[in-house]
Amino acid sequence: MSRRLFTSESVTEGHPDKMADQISDAILDDLLRQDPRSRVAVETLLTTGQVHVAGEVTTEGFADVMGIVRDVVKDIGYDSSE
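According to our numbering, the sequence shown holds residues 23 to 104 in order.
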């Protein structure tokens with residue numbers, strides 16, 4: 023009989039991976055609200071004081087990416103880059 027070990031990871035709202043997902047999701051949601059036919063492949067990378075958003079977008083809409091990033095980060099509770 024073989025023995026198996028199952029593990030999982032859970033991250034909280036302020037974790038960088040979670041923040042990156044929330045930023046990418048917010049950009050996607052904003053574009054889909056404006057143009058339901060939007061095609062969006064967005065990745066977010068972040069570290070202390072920096073957020074980089076990269077990817078491809080085909081849409082008739084417009085996303086204020088810097089504004090969305092600031093809003094998401096602020097909603098999570100960060101108000102300083104330190």
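Even glycine gets a Cβ: it sits at the ideal position worked out from N, Cα and C.
Is DSSP giving Leu67 helix, strand or coil here?
strand
Excluding the 5 residues flanking Val104 on each side, which residues of the same chain have their C-beta closer than 8 Å to its C-beta?
Looking at the sequence provided, one finds Glu at residue 104 rather than Val. Cβ neighbours of Glu104 beyond the five flanking positions: Thr70 and Gly71.
My output table needs one value for Val33: the three-state DSSP class, helix, strand or coil.
coil
Residue range of the beta strand (DSSP E) that Gly77 falls in?
Gln72 to Thr80
Buried or exposed for Leu53, going by 16 or more other Cβ atoms inside 10 Å?
buried
Quick check on this structure: which residue in Arg26, Glu35, Glu31 and Val64 has the alpha carbon closest to the alpha carbon of Val87?
Val64
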